[in-house]
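So the structure is just underneath, and the comments pick up after that.
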Amino acid sequence: MDASPAATRTRRAIVEAAVACWSEDSSASLGEVAARAGVGRSTLNRHFAGREELVAAVDEVSRERLTAAIRAARPEEGTGLEALTRMAVALLEQEDVLGLVFADNALVDPDTWEDEPSQDPHGVPALVARGHRDGTIDPGLPAEWVETVLWTSLFAAVLTLRGGTRTRHEVGALLARTLGSGVGGAS
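Under this note's numbering, the first residue of the sequence shown is numbered 59, with each subsequent residue one higher.
Structure below.
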């Protein structure tokens with residue numbers, strides 16, 4: 059495969075177009091993805107042998123983007139609840155990737171990624187444990203429950219954004235408030 063800067067840019071544009079297209083409609087055709095990327099179907103086929111290969115590239119980019127969002131949220135700083143809230147708001151910025159995760163026929167499933175989230179020092183279980191220790195997350199709520207609350211709240215946030223009734227800033231504030239009042243420890 060051509061690894062020139064132009065080919066790399068084209069490949070990246072196709073993957074980003076697939077993320078955007080499939081986030082809105084997981085059954086969108088490769089022709090629709092190519093059109094969104096501003097390339098012909100033959101160009102898409104030169105870079106990706108078929109839908110499965112493009113889905114694999116979308117999965118990898120989605121993982122990179124969600125991981126980068128989590129790192130940008132500085133999960134090692136502040137209380138457990140502060141870090142969890144920053145993480146949620148940062149993940150919300152990846153609305154199109156979340157759309158892939160939450161789609162009826164999800165093309166991206168973080169549960170299939172190889173790393174073990176319970177061992178990640180920046181993962182939800184570690185943040186919940188820190189929140190339990192520092193008193194900002196209710197110690198009666200197990201990490202699995204808090205993680206489920208996080209993801210269902212993100213699902214609600216994406217639905218609200220896509221409904222167009224609230225701005226991203228408003229939805230981020232609602233998400234933070236929901237997490238704070240839903241899993242926060244007694245003050």
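Cβ coordinates follow ideal geometry from the N, Cα and C atoms, glycine included.
Could you work out which residue in GLY181, HIS105, ALA92 is closest to ILE128 when comparing CA atoms only? As a working note, residue 128 is residue 70 in the sequence shown. The shortest C-alpha separation from ILE128 is found at GLY181.
For GLU118, count neighbouring Cβ atoms within 10 angstroms of its own Cβ and tell me buried if that reaches 16, exposed if not. For the purposes of this step, residue 118 is taken as residue 60 along the sequence shown, with counting starting at 1. Burial call: exposed.
Would you give the residue range spanned by the alpha helix (DSSP H) that ARG129 belongs to? Your numbering for residue 129 matches position 71 in the sequence shown. Residue range 109-130 is occupied by the alpha helix (DSSP H) that includes ARG129.
Mark SER176 as exposed unless 16 or more other C-beta atoms lie within 10 angstroms of its C-beta, in which case mark it buried. Numbered from its first residue, the sequence shown carries residue 176 at position 118. Caution is warranted here: a pLDDT of 45 is assigned to SER176, below 50, making its placement in the model unreliable, and no coordinate value can be reported.
Cβ contact check for the segment 194-203 and the segment 120-127: 3 or more pairs under 8 Å: At 8 Å Cβ cutoff, the stretches do not touch.
Please state the DSSP three-state secondary structure of GLY242. By one-based count along the sequence shown, residue 242 stands at place 184. In the structure shown, GLY242 sits in a strand (DSSP, three-state: E or B).
Check whether the Cβ atoms of ALA231 and LEU185 sit closer than 8 Å, and answer yes or no. As a first step, residue 231 must be located in the sequence shown, where it is residue number 173. As a first step, residue 185 must be located in the sequence shown, where it is residue number 127. Not closer than 8 Å, so no.
Could you tell me the alpha carbon to alpha carbon distance between LEU139 and VAL155, rounded to whole angstroms? For this step, residue 139 is matched to residue 81 along the sequence shown. For this step, residue 155 is matched to residue 97 along the sequence shown. Approximately 24 Å between the Cα atoms of the pair.
Alpha carbon to alpha carbon, how far is THR101 from PRO63? Give it in angstroms, no decimals. Against the sequence shown, residue 63 aligns to sequence position 5. Against the sequence shown, residue 101 aligns to sequence position 43. Near 15 Å, if we compare the C-alpha coordinates of THR101 and PRO63.
Taking the alpha carbon of ILE72 as the reference point, which residue from SER239, ALA92, ASP83 has its own alpha carbon closest? Along the sequence shown, one-based indexing puts residue 72 at 14. That would be ALA92, whose Cα lies nearest to the Cα of ILE72.
How long is the line joining the alpha carbons of ALA86 and LEU212, rounded to whole angstroms? One-based indexing of the sequence shown puts residue 86 at position 28. One-based indexing of the sequence shown puts residue 212 at position 154. Cα-Cα distance, rounded: 24 Å.
Under the three-state reduction of DSSP, which class applies to LEU199: helix, strand or coil? Here residue 199 corresponds to residue number 141 of the sequence shown, with the count starting at 1. Here LEU199 sits in coil by DSSP.
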